[in-house]
Structure formats: structure tokens, C-alpha cells
Amino acid sequence: MEKISELRHKILELNYRINLKFWKNNLIFLLIVINHIAITFLYLIYGYSSYADFSGTDMTEFFILMIRSNFYWAFVYRNSDKIKLFASKIISDRKTFSNNERIIKICRNYERSENYVLLAFIISGTLSALMAIVMTFFTKFNNFHLPMNFYIFFLPLNESSINWWINYFYQANVIAFGSILANIYFPLTLWLINHSSWGHEVLISCMKEFHEVVERKSTSNDVEIDHKLNDVVKQSYLVLYDHEEIRQFLKFNFLIEFSLLAIMFCMSIYTITTSAFVSSFIFTSMLYPIAQVYIYCAISSKVMTQVDKLVDVIYETSWYTLNTNQRKALQLMLCKFQNFKGFNGIFIKVDMDAFQKLMIDIVSERETKYD
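Under the numbering used here, read the sequence shown as residues -18 to 352, first letter to last.
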């Protein structure tokens, strides 16, 4: 199991390093972005003009997808050096406790959960593609929605126009860029959030070990207690520092991500509830980002839950058996975690309540505008 875990880490680290070397080439990066923007606006100006049946909601959602895609490219490229440091630090941190069986078990659980989450993310994308294919073969909704389906089997080669070629070329661009971003951006964000959660769980484990040492004070001396307490305090500072670094790194990302996804979901729901004739893109575009947002929210909420558990463990310690300096150290650590901030962006916290509230606000504003 340990060899499999180590191999998995090496593969992920190699994946990041290969991608980062690619992103550091300014010419390649600029060509990719220029190509993406150019083909998008070429489609908006020329390809869309011949398809009056193409709904405005679909059009706006595709434009939002373009904004998200270019934001991801810029985010990864601008922070490539910091991403490399984060990836190396995550791997080195998890190797630090190689002699502690309790923490090794925690590491294995987190590696298993990361595998399940990435698998769920891949499955959601695959289901989106399959749903698009099913909707294409069993309905006639997509005859005029070429960039938003897999209806490539009926390309009119005899009477093909430049509009058709622009549509298919743009669809290929979207699929290619989406695959690259899914393989780089989402695992990166997942790793960072999950690493913060891992650090808190490791700290809880260290605090429980300290609690056990304090409980058997009759067989433990003050030197042993001080040594264990110093380890706990040192680990708490590392956890808080790492979390703040990750929080600042992802803060603006969460603002953009939640806002754009909320707008897309609201527009999709509005279209589905007000029109009996909608394209398959409306249905397939909802499944993939829903899984992404739910994973973000679940892990971020897990961090806050672990902070509450850590505070409870600190309170359960037999304070009356400790000396003054030991009490002050625990009290300082308690104050820091009681004032702990989660993955704040513009929101109070990153969870499904915050996302739902943003969706409600957008829907209310849209209803007021049209009333």
C-alpha cells in the first residue's frame, strides 16, 4: 500500500512539473489564449449569424464558459511558480510523519478520498458527454445547435459552408481546452483544499497524543509534557500558516468560480422552467460543474468541522494539571483556532448555503429586472 501511495505521489508530481514547464513558455501560452479568444469571437460574429434558433441563454452560457476558460489559463500561468511550491510541499509534508502509524493511516484515508473525488469528477464529465450523445440521437432539439452537441455524423460535405467548419472547429477547441483544464486546474484546487483539511486532522491526532500524555501524568514528567506540547504548538503554527497561504491563493478563485457557476445554473434553471423546447446543452452543462462545486463545498465545510473538533479536544485537556506556561501555550492556540477563518472569498464561508444564497440573489435580481 505504501509503495502504491508513493508511486501515485510521484506520478502527480511529475504531471505538475511537465505541465508547468509547458506553461512557462510564453509563446505557447500566448498562442493558445489568442487562438481561443479569436475562434470564440469568430464564432460569435460569423458562425452564430446563420442560426436564428440558437437561444440567447445558450449564447450567454457559452460566453461565460469562455470567460472561465481564459481565467483558468491566466490563473495557472500567473501562479505557476507558487503551484510548483505547493505541490512539492504537499508531498514533503505527508512524508514527514512516516514513523507515526496513526498519521500514516490518516494519510492513506486522504489519498483514498482524493482518488474517489477525482473519479467522481471524471465520471460526471463522462456522463455529461453521454447525455449529450443520447439527447442528440433520441431528440431533434439540436439540429441548429451544432457547437453544443455531438451531431458530427451528418456533416454536409457536399454543401458544407464556412459556418459549419467554424462550428466544428470551435467545438473541438472547447473540448480540447476543457480536457486540459480539467486535468490541471481542478486536481490542483482539490489538493490544496484537502491538504488544509489533512493538516487539521493531523493536528487533532497530535493533540490527542498530548492529551494521553497529560492523563498519565503520574508516569510522565514535565519534560515529556513540554516536549509533546512544543510539538503540538509547532504543528498548529504550520497548519495555520499553510491554511492562510492556501486561502489567500484561492480566495479570488472562489469568487470568480462561485459567481460564474451560480449565473450559469440560474440561467439553465430559468430556461428549463420557462421553455418546453431547450437544447441538450442546458442539461449536460449542469452536471459537470455541479460535481465540481459540491466537492469544493464539502471539503471546505469539512475543514470548519475539524476546527470545531480541535477546539473540543483542547477543552477536554486536563488544564488544572498543567503549569502556567503550558496553560498559556494552550490558551493561545485555542484563541487562534476560535478566530479561525475558512476559505473565505467574498463569502462568509464556502459551502452550499453560500452558493444557494448567491443563486437566490441572482434570480431575484433577474425577476425584478423583467418585472
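Glycine included, each C-beta is placed from N, C-alpha and C at the ideal position.
Just so we're clear, the structure is a prediction, and the values are computed from it rather than from any experiment.
>> Using 8 angstroms as the cut-off, can you tell me whether the segment 218 to 226 makes contact with the segment 185 to 197, which would need three or more C-beta pairs spanning the two stretches below that distance?
In response: Short answer: they don't touch.
>> In this structure, how does DSSP classify S178 when only helix, strand and coil are distinguished?
In response: Three-state result, S178: helix.
> Exposed or buried, which one is C278 when buried takes at least 16 other CB atoms within 10 Å?
Replying inline: When all chains shown are included, C278 counts as buried.
> Per DSSP, what kind of secondary structure is R228 in: helix, strand or coil?
Replying inline: Looking at R228 - three-state DSSP - the assignment turns out to be helix.
> If we count the other Cβ atoms within 10 Å of its Cβ and call it buried at 16 or more, is Q229 buried or exposed?
Replying inline: If you draw a 10 Å sphere on the C-beta of Q229, you find fewer than 16 other C-beta atoms in it, and that means exposed.
>> For a test of the three-state rule: what should DSSP assign to S299, helix, strand or coil?
In response: Coil.
> If we count the other Cβ atoms within 10 Å of its Cβ and call it buried at 16 or more, is L303 buried or exposed?
Replying inline: Around the C-beta of L303, 16 or more other C-beta atoms lie within 10 Å, and the residue is accordingly described as buried.
>> Tell me the rounded alpha-carbon separation between I64 and V288.
In response: Going from the Cα of I64 to the Cα of V288 covers about 25 angstroms.
> Using the C-alpha atoms, what's the distance from E95 back to V213?
Replying inline: Those two C-alpha atoms are separated by around 26 angstroms.
> From N175 to S282, what distance separates their C-alpha atoms?
Replying inline: Distance between the alpha carbons of N175 and S282: 11 angstroms.
> Beta-carbon separation of F52 and I271 under 7 angstroms?
Replying inline: Cβ atoms of F52 and I271: not closer than 7 angstroms.
> Cα-Cα, which of E196, V220, N81 and D293 is closest to I71?
Replying inline: Comparing Cα positions, the closest option is V220.
> If you count every other CB in all the chains shown that lies within 10 Å of the CB of A55, and 16 or more means buried, which is it?
Replying inline: Exposed.
> Could you check where the alpha helix (DSSP H) with F318 kicks off and where it finishes?
Replying inline: Where F318 is concerned, the enclosing alpha helix (DSSP H) stretches over T305 to Q319.
> Grouping DSSP H, G and I as helix and E and B as strand, with all else coil, what is F78?
Replying inline: The answer is coil: DSSP assigns F78 none of H, G, I, E or B.
>> With H, G and I counted as helix, E and B as strand and the rest as coil, what does DSSP make of N90?
In response: In the structure shown, N90 sits in a helix (DSSP, three-state: H, G or I).
> Using CA coordinates, which residue listed in N320, M314 and L291 is at the minimum distance from H181?
Replying inline: Of N320, M314 and L291, the smallest CA-CA separation from H181 is found for L291.
>> Among the candidates Y301, Y296 and T305, whose CA atom is the shortest distance from the CA of C316?
In response: Residue Y296 is the option with its Cα nearest to C316.
> Cα-Cα, which of E82, V98, N80 and M245 is closest to Y275?
Replying inline: With distances taken between CA atoms, Y275 lies nearest to V98 out of E82, V98, N80 and M245.
> Is it right to say Q319 is buried, meaning 16 or more other beta carbons lie within 10 angstroms of its own, or is it exposed?
Replying inline: With fewer than 16 other Cβ atoms within 10 Å, it is exposed.
> Just checking my contact of L171 with L231 at CB under 8 angstroms: how many whole Å lie between their CB atoms?
Replying inline: That belief does not hold up - the Cβ atoms of L171 and L231 are roughly 11 angstroms apart, past 8 angstroms.
> Can you tell me whether DSSP reads N60 as helix, strand or coil?
Replying inline: Shown here, N60 sits in coil according to DSSP, grouped into three states, outside any helix or strand.
> Any idea if L100 is buried or exposed, counting beta-carbon neighbours within 10 angstroms, 16 or more meaning buried?
Replying inline: By the Cβ neighbour-count rule, L100 is exposed, with fewer than 16 other Cβ atoms within 10 Å of its own.
> Roughly how many whole angstroms lie between the Cα atoms of F167 and N60?
Replying inline: Answer to the nearest angstrom: the Cα atoms are 15 angstroms apart.
> Under a three-way DSSP split, which group does R197 fall into?
Replying inline: DSSP places R197 in coil when its eight states are reduced to three.
>> For S177, which residues in the same chain have their Cβ closer than 6 angstroms to its Cβ, ignoring the five residues on either side in sequence?
In response: If the five residues before and after S177 are omitted, its C-beta is found closer than 6 angstroms to the C-beta atoms of H224, I227 and V284, all from its own chain and listed in chain order.
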